[in-house]
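Engineer:
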Amino acid sequence: MFISSQNSPVAFKGFTLVMPAVAVGNVGQLAVDLIISTLNLSRVGYLHTDCLIPMAGNNPYSSCKEDAEGLHCPAEVFTAAERKLAVLQIRVPIIQKKSKKFCQMLVSWIKSSGFSRTVVLSSSHAYQRDDQQLHGTPLRYLATPSLLKVSVDTLKELGWREMEQVPAFPGLKDADAEPRLYIPGGGITKGLYSDSCLAEDLPLAVLLLFCSEGDNIPDAFALVNHLNDWLHLLDTPGSECKWKIPTSWSLLFGSGVPPALF
Numbered sequence: 001m002f003i004s005s006q007n008s009p010v011a012f013k014g015f016t017l018v019m020p021a022v023a024v025g026n027v028g029q030l031a032v033d034l035i036i037s038t039l040n041l042s043r044v045g046y047l048h049t050d051c052l053i054p055m056a057g058n059n060p061y062s063s064c065k066e067d068a069e070g071l072h073c074p075a076e077v078f079t080a081a082e083r084k085l086a087v088l089q090i091r092v093p094i095i096q097k098k099s100k101k102f103c104q105m106l107v108s109w110i111k112s113s114g115f116s117r118t119v120v121l122s123s124s125h126a127y128q129r130d131d132q133q134l135h136g137t138p139l140r141y142l143a144t145p146s147l148l149k150v151s152v153d154t155l156k157e158l159g160w161r162e163m164e165q166v167p168a169f170p171g172l173k174d175a176d177a178e179p180r181l182y183i184p185g186g187g188i189t190k191g192l193y194s195d196s197c198l199a200e201d202l203p204l205a206v207l208l209l210f211c212s213e214g215d216n217i218p219d220a221f222a223l224v225n226h227l228n229d230w231l232h233l234l235d236t237p238g239s240e241c242k243w244k245i246p247t248s249w250s251l252l253f254g255s256g257v258p259p260a261l262f
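Going by full-length UniProt numbering, 179 is the number at position 179 of the sequence shown; the sequence numbering is gapless.
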């Protein structure tokens, strides 16, 4: 359930929603961090649900001491009204066995809010790629039919590669076995795309990157630049996009080694 942090109801009608899937390397979440920090988005509310691990912390996007003390929670919504852009940031894993319920809650909120389209930023295990996925770019996309109706020409111009379907049993030649959509390490990505949005005919796209666990900051930049090619969040023709790294990233790998140890 969405709870507004403002005195008046928040209107999302016609907005584009960008959200991450909690997946391998947390690439989608890091990419969303870059969007929120760079565009200086305003927090307008949060999702209240029992499907996420409880968490609370201070402002991950603070630029000074005065704005660092606000309380932040697991799933928050930020907007840029002038851009017709809403961003959902999810900071914690989904509780085991509640992923389907969480997907249903998300789809219900997306439908009731009237978003014009939803973009899910995700990732998948690089080591579990099929042979055909080893060549070329590690970036892939998926799009529901309702999104393709309005964006098929744009996606063709971008030259993006659609996520391949792979054999159910790799290495075995079975004429009766249909290929399947397989996103290992992708969290709720497949469930949200296949089981929810295809059934509900919602305009949704998935952008994902094959990666491994480790320092996934370069992966986040690659994914958000890929998104920017489509949505033009930053218009910097002929030069690299200048994404602003949030202050919280200084603690991605913990604090430094205490000098007192030596």
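Just so you know, even glycine gets a beta-carbon here, dropped at the ideal spot from N, CA and C.
From the DSSP output, in three-state form, read off P20 for me.
Structural biologist: P20 falls in the strand class under three-state DSSP.
Engineer: Helix, strand or coil for H226 per DSSP?
Structural biologist: H226 falls in the helix class under three-state DSSP.
Engineer: Would you say the stretch 121-139 touches the stretch 197-212, given that touching needs at least three Cβ pairs under 8 Å?
Structural biologist: Judged by Cβ distances under 8 Å, the stretch 121-139 makes contact with the stretch 197-212, as three or more pairs qualify.
Engineer: Near E76, what residues of its chain come up, given a Cβ to Cβ distance below 7 Å and the 5 sequence neighbours on each side ignored?
Structural biologist: For E76, where only same-chain residues beyond five positions count, the Cβ hits under 7 Å are R43, Y46 and Q89.
Engineer: Report, in whole angstroms, the separation of the C-beta atoms of R161 and R140, which I expect to be a contact under 8 Å.
Structural biologist: At roughly 6 Å, the Cβ-Cβ gap stays under 8 Å, so R161 and R140 are in contact.
Engineer: Please report the straight-line C-alpha distance between T154 and K84, rounded to a whole angstrom.
Structural biologist: One C-alpha to the other measures close to 19 Å.
Engineer: Judging by CA-CA distance, which residue of I183, P54 and Q133 is the nearest neighbour of C73?
Structural biologist: Closest by alpha carbon: P54.
Engineer: May I ask which residues mark the beginning and end of the alpha helix (DSSP H) holding F102?
Structural biologist: Taken as a continuous stretch (DSSP letters only), the alpha helix (DSSP H) holding F102 covers S99 to S113.
Engineer: In whole angstroms, what separates the C-alpha of I36 from that of Y193?
Structural biologist: Each residue's alpha carbon lies about 24 Å from the other.
Engineer: Just to confirm my understanding: we take S99, look at its own chain, exclude 5 residues before and 5 after, and list those with CB closer than 8 Å. What are they?
Structural biologist: Here the set comprises C51, G187, I188 and G191.
Engineer: So, with DSSP's three-state summary, where would you put R91?
Structural biologist: Three-state result, R91: coil.
Engineer: Pairs of beta-carbons, one from the stretch 9-17 and one from the stretch 177-185, closer than 8 Å: are there three or more?
Structural biologist: The answer is no - the stretch 177-185 does not touch the stretch 9-17, with fewer than three Cβ pairs under 8 Å.
Engineer: Do L30 and T79 have their CB atoms nearer than 9 Å?
Structural biologist: No.
Engineer: With a threshold of 6 Å on Cβ separation, who are the neighbours of L142 within its own chain once the five nearest residues in sequence on each side are excluded?
Structural biologist: M163, Y193 and V206.
Engineer: Compare the C-alpha of S4 against each of H135, H48 and K111 and name the closest.
Structural biologist: Checking every option, the nearest Cα to that of S4 belongs to H48.
Engineer: Can the beta-carbon of H125 be found closer than 9 Å to that of P184?
Structural biologist: Yes, they are a contact pair.
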